[in-house]
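Enquirer:
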Amino acid sequence: MSSQLVVSINGSADHFRWCWLGEDQASAPTAGDLDALRAAIGDLSQQAWLLLPGAKVVTRSLEYTEKEKKHLRNLLPFQLEESVVGDIDDLHVAIGTASAGKVALAYTDKQWLKAIFTQLSNIGIEITRCWAAPLVLPFESQEVRASAEPSVPEPDATPEEQPAASPSILWTLGYDQGQVNLRFAEQEGFSVPLPLLAPALEMLIATHKLGENLPSLTLRAAEQADLDALYQHLPAHLAAQVRSQVLADPWKLDFNGKAIDLCQAEFSQRLPLERWIKLWRDIGILALVTFVVYVGVLGFN
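Last residue of the sequence shown: 303 (this note's numbering), numbering continuous.
1) In the segment 55-131, which residue ranges form an unbroken beta strand (DSSP E) of at least 3 residues, counting only runs that do not cross its ends?
2) Could you tell me the boundaries of the beta strand (DSSP E) in which L175 lies?
3) So, with DSSP's three-state summary, where would you put L203?
4) One question on the structure: do Q179 and S193 come within less than 8 Å of each other, judged by their Cβ atoms?
5) Output the distance between the C-alpha atoms of A106 and G56, rounded to the nearest integer angstrom.
6) Near Q189, which residues of its chain fall below 8 Å by C-beta distance, leaving aside the five closest residues on each side in sequence?
7) I need the straight-line Cα distance from A28 to L77, nearest angstrom please.
8) DSSP puts L53 in a beta bridge; with which residues?
9) Locate the alpha helix (DSSP H) running through A38, then write down its first and last residues.
10) Under three-state DSSP, which class holds E188?
11) By the DSSP assignment, the alpha helix (DSSP H) with L229 in it spans what residues?
12) Between the beta-carbon of W173 and the beta-carbon of P217, is there less than 8 Å?
13) First and last residue of the alpha helix (DSSP H) that includes L240?
14) Can you tell which of F18, L74, I127 has the C-alpha that lies nearest to the C-alpha of Q49?
15) Once the 5 residues before and after I129 are set aside, which same chain residues still bring their CB inside 7 Å of it?
16) Can you give me the Cβ contacts of P31 inside the same chain, cut-off strictly under 8 Å, excluding the 5 residues immediately before and after it?
17) Which value, in whole angstroms, describes the spacing of the CA atoms of V86 and P140?
18) Do L54 and A117 have their C-beta atoms within less than 8 Å of each other?
19) Applying the 10 Å Cβ sphere with the 16-neighbour rule, what's the burial state of S5?
20) Please classify L203: is it buried, with 16 or more other beta-carbons within 10 angstroms of its beta-carbon, or exposed?
21) Can you tell me the Cα-Cα spacing of R245 and L229, whole angstroms?
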């Protein structure tokens, strides 16, 4: 990728962080309000990727039948009605990849997201891709792990006696700006403040009925002190499950993975023709005014 602008919202809609991603690394990140962001990009229009705080986006998976597969966008949002507070029409629902009767969803407040897109559009930024921050943490799928680490058979057991291999569960936790982002599946994750990490993890384990089949954890942070704090806030029985601790730039993320892109439906990227019209609209108006003045001058003479 070459000079790709990435904008991240820090909790509220009036404070942003941003950087430009190059082929090898990210530029030094900058933070500020909307005016500071406008000054940083200058007068040029920019296409950007947007990261939303995990606390503002809910992800979950739902089941579907083959008969429903062609109509998922219309049907799935209404499966949420019993589990969300408020009107389902107030939510923007993005749909992930459907496979084997299951599909992941990501949803957020529609008016809040529309206000963000409008604010950025007003300073010349067009959002072309949009994710929840937890879903762009680097993530190793169970399939990759299973293929990379074949099970070792018991030495004296026949093939029929070999125990069935339990799937590896892999979670990635990233600590940044007081928040812990957790990606526990390719298209599911959430954010919690650091002090609430332990109860959130316990609830997730209970919800997924993992029992003794605890996940392996990868911890990520930009500073060693943050990495230590993240480890210290883990429940005791999960601390032993940490397989790696990584010091990493917070912008070194999985932008090419399978995270759900919220640029869907009314938030999808505009067609090239629409962008071209917007770009040349002001020039067309100026040309029209010039032509009218020119005709007026000829008629006067």
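By construction, the Cβ of each residue, glycine as well, lies at the ideal position given by its N, Cα and C atoms.
Computed from a predicted model, the values in this text were never measured in an experiment.
Expert: So, from the listed chains and residues:
1) For the segment 55-131, whole beta strand (DSSP E) runs of length 3 or above, ordered along the chain, are 60-65, 93-97, 104-111.
2) Element bounds for L175: 172-178.
3) Note: L203 maps to helix in three-state DSSP.
4) Going by C-beta atoms, Q179 is not nearer than 8 Å to S193.
5) Rounded to whole angstroms, A106 to G56 spans 15 Å at the Cα level.
6) Closer than 8 Å at the Cβ level, and outside the excluded window around Q189, lie T61, S63, G98, T99, A106, A108, L137, K260, A261, I262.
7) Rounded to the nearest whole angstrom, the CA to CA distance from A28 to L77 is 40 Å.
8) Beta-bridge pairing links L53 to S10, W133.
9) Segment 36-43, the alpha helix (DSSP H) holding A38.
10) E188 sits in coil when the DSSP states are folded into three classes, being neither helix nor strand.
11) Looking at the DSSP string, the run of the alpha helix (DSSP H) that includes L229 is 226-234.
12) Taking C-beta atoms as the reference points, W173 and P217 count as a pair closer than 8 Å.
13) 238-241 is the extent of the alpha helix (DSSP H) around L240.
14) Of F18, L74, I127, the smallest CA-CA separation from Q49 is found for I127.
15) Same-chain partners within the cutoff: A50, L52, F119, L122, C265.
16) Excluding residues within five positions, the ones whose Cβ falls inside 8 Å are R19, W20, C21, P252, W253.
17) Taking the straight line joining both Cα atoms gives about 29 Å.
18) Pairing L54 with A117 gives a Cβ-Cβ distance that is not under 8 Å.
19) Flag for S5 reads exposed.
20) The residue in question, L203, is buried, as its Cβ has 16 or more Cβ neighbours within 10 Å.
21) Rounded to the nearest whole angstrom, the CA to CA distance from R245 to L229 is 13 Å.
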